[in-house]
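Participant:
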């Protein structure tokens, strides 16, 4: 498998916008056949129509929280394409949360269900089929540098992405002797509709297209873990190395993510 492999069969959740759409455009430009999953079927159809060879791609207007529908989409893609080479769990949501606010508990649950449990539900239908293929395959999770240290007002998002990173470590060990490589991509600040809601400076902000190109190369190599952009990877290592007391003093008054207001 190479970064320019045109025969790749790639299944992507969260494909209608942001990182997922950027990855879809990059893989399509390389000649891949895509299975595109998102809740917004109209947005998926528009994306697919804009890609090279739209007739190759299959769109699934599925909410990743509907695990039965997600598994059905996976089965349809496997049957139609005779297998899958790369599966990318990209669907994710982010909201500011405060533990002291009881109305934020459902937000915590929604963030974990979308960012963590749906990642498992995305990978699960593909493992046996990929093992049977015997050729090099990839299961890819989109984590975040937010999963490296917890930030104030972002407990749900930071904890969910930390869980994604740790889950992928476990899965990597489970599949270590197989033909399936587990890849965790941890984006820093990427210019997407999600980050445009942030009300604070975003260092090393990276265009989604540049992120996608770098991520595709990391996936092709089978990197177990990659932070993008690399500058954010250096910053993340420094943050992780800070003693808790120093970290707390530096970030106790950091700006917070916007909360989702109760309906």
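Residue numbers (our numbering): 344 to 606.
Backbone N, C-alpha and C fix where the C-beta goes; we use that ideal spot for every residue, glycine too.
As the structure is a computational prediction, the values presented were derived from the model and not from experiment.
1. For a minimum of 3 consecutive residues, which ranges assigned as the beta strand (DSSP E) are wholly contained in the stretch 438-523?
2. Answer with buried or exposed for residue 521, where buried requires no fewer than 16 other C-beta atoms within 10 angstroms of its C-beta.
3. Okay, do the stretch 443-452 and the stretch 417-429 touch, 3+ Cβ pairs below 8 Å being the bar?
4. Between which two residues does the alpha helix (DSSP H) holding residue 418 run?
5. Please classify residue 514 as buried or exposed, where buried requires at least 16 other C-beta atoms within 10 Å of its C-beta.
6. If we ignore side chains and look at the alpha-carbon of each, how far apart do residue 416 and residue 403 end up?
7. Does the Cβ of residue 439 have 16 or more other Cβ atoms within 10 Å, making it buried, or fewer, making it exposed?
8. Using the C-alpha atoms, what's the distance from residue 477 back to residue 491?
9. Quick one: using the 10 Å Cβ neighbour count with 16 as the cut-off for buried, is residue 458 buried or exposed?
10. Excluding sequence positions up to five away, which residues of its chain have a Cβ less than 7 Å from the Cβ of residue 494?
11. Just verifying my parser: in three-state terms, what is the DSSP assignment at residue 591?
12. Check this for me: beta carbons of residue 390 and residue 456, under 7 Å apart or not?
13. Please determine, among 549, 466, 381 and 385, the residue with the shortest C-alpha to C-alpha distance to residue 530.
14. As a quick exercise: from 354, 482 and 366, pick the residue whose alpha carbon is nearest that of residue 535.
15. Taking residue 628 and residue 466 to be in contact with their CB atoms under 8 Å, please state how far apart those CB atoms are, rounded to whole angstroms.
16. Spatial neighbours of residue 506 within its chain, please: C-beta separation below 6 Å, excluding the five flanking residues on both sides.
17. Among 354, 379 and 372, which has the Cα closest to the Cα of residue 428?
Facilitator: Inspection of the coordinates gives the following:
1. 480-485
2. exposed
3. no
4. 410-424
5. buried
6. 6 Å
7. buried
8. 34 Å
9. buried
10. 501, 594 and 597
11. helix
12. no
13. 549
14. 366
15. Because the chain here runs from 344 to 606, residue 628 falls outside it and cannot be looked at.
16. 459
17. 354
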